[in-house]
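Counting the sequence shown from 1 gives a position; the working numbering is that position plus 677.
The C-beta atom is built at its ideal place from N, Cα and C for all residues, glycine as well.
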Amino acid sequence: KWWNMNKKYAIFDMDGTLVDSMGYWKRLAGEYLETHGVLNPPKDILEKIKPMTMTESAALFIREFGLQGTPEQVADDMNAMMDEHYRSDIPLKAGVKEYLTRLRDRGVRMCVASATAEPLMEACLSRLGVREDFEFLLSCETVGAGKRQPDVYLESIRRMGAEPSETAVYEDALYAAQTAKEAGFYVVGVYDGSVTYCHEPDDQEERDRMWNECWEQLKQLTDESILDWKTAE
């Protein structure tokens, strides 16, 4: 049924939607600390940083583990590690390439709107062989607003000469899907197997319940049920 999406334009999120990068972000803090001699950092520290910015996390690491440098320098180092993953080993999600080819062959005009910086999107999507499917890549950084505001979606359709009602937005994050829906877009929820954008309790049973609740909310926002690239047909 997914091939029957009849919109003439499509805006794709990147992280967690096109590429399988969320696990890399989750492991980044531990990976960084390990390179600085901090093996098996306390779980409570890793929990504390979840709602923090990169710079706030860096400041905590400096206090807790005596790392050298300013919070800004440590944050830059962590971002550089993540940059390397985009350039070298973050994979495309299974089934994405075939889906994009099918839409492109039907004449759907497509772009990417992401919180990730444009040079990294270029490097990642070019390496994965799908960059040519998109007319342009647009970062929230460029428009000056995150996805709790519709700016990046509205600028995308302005560039394509489209209207929200003619455009499908593909998102894995509940809050971003909500933003797009409220702005009048047709929303397609994408399964990511992650509770990144939900509260994550320590208890596994409670975490599973919250995960299911999060995705049920996303389903309610979308015009179709959750898309799993691996089984799209």
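Simplified DSSP state of residue i, which is helix, strand or coil
{"i": "Glu848", "result": "strand"}
{"i": "Ser816", "result": "strand"}
{"i": "Leu769", "result": "strand"}
{"i": "Met682", "result": "coil"}
{"i": "Lys896", "result": "helix"}
{"i": "Leu802", "result": "helix"}
{"i": "Ala860", "result": "coil"}
{"i": "Thr825", "result": "Reading the sequence as shown, one finds Arg at residue 825 and not Thr. Note: Arg825 maps to coil in three-state DSSP."}
{"i": "Arg786", "result": "strand"}
Other residues of its chain near residue i: CB distance less than 8 Å, five sequence neighbours each side excluded
{"i": "Ala822", "result": "Asp828, Val829"}
{"i": "Thr856", "result": "Lys824, Arg825, Gln826, Pro827, Tyr830"}
Closest Cα partner of residue i within the set the options
{"i": "Arg786", "options": "Gln750, Ala736, Thr778", "result": "Thr778"}
{"i": "Met729", "options": "Pro748, Arg808, Val715", "result": "Pro748"}
{"i": "Glu761", "options": "Met798, Gly772, Phe742, Ala854", "result": "Met798"}
{"i": "Glu832", "options": "Asn756, Lys703, Ile688", "result": "Ile688"}
{"i": "Leu626", "options": "Val789, Val773, Leu904, Thr732", "result": "Given that the chain is displayed from residue 678 to residue 910, the structure contains no residue 626 and the question cannot be resolved."}
{"i": "Lys720", "options": "Thr732, Met731, Arg704", "result": "Arg704"}
{"i": "Trp906", "options": "Lys896, Phe813, Val867", "result": "Val867"}
{"i": "Gly838", "options": "Glu818, Glu812, Thr819", "result": "Glu812"}
Cβ-Cβ distance between residue i and residue j below 8 Å
{"i": "Lys824", "j": "Ala792", "result": "yes"}
{"i": "Ile767", "j": "Asp697", "result": "yes"}
{"i": "Tyr709", "j": "Met758", "result": "yes"}
Close-in-space but distant-in-sequence residues of the same chain around residue i (CB under 7 Å, 5 per side omitted)
{"i": "Asp810", "result": "Leu777, Arg781, Met787"}
{"i": "Leu744", "result": "His713, Phe738, Val751"}
{"i": "Ala706", "result": "Leu723, Ile726, Ser734"}
Sheet register partners of residue i (DSSP bridge)
{"i": "Asp692", "result": "Val696"}
{"i": "Tyr830", "result": "BP columns for Tyr830 are empty, so no partner."}
{"i": "Ser791", "result": "Ser816"}
{"i": "Val865", "result": "Tyr847"}
{"i": "Leu705", "result": "Note: Leu705 sits in no beta bridge, so no partner."}
Any non-hydrogen atom of the ligand ATP closer than 7 Å to residue i Cβ
{"i": "Met731", "result": "You won't find the ligand ATP in this model; it holds no ligand whatsoever."}
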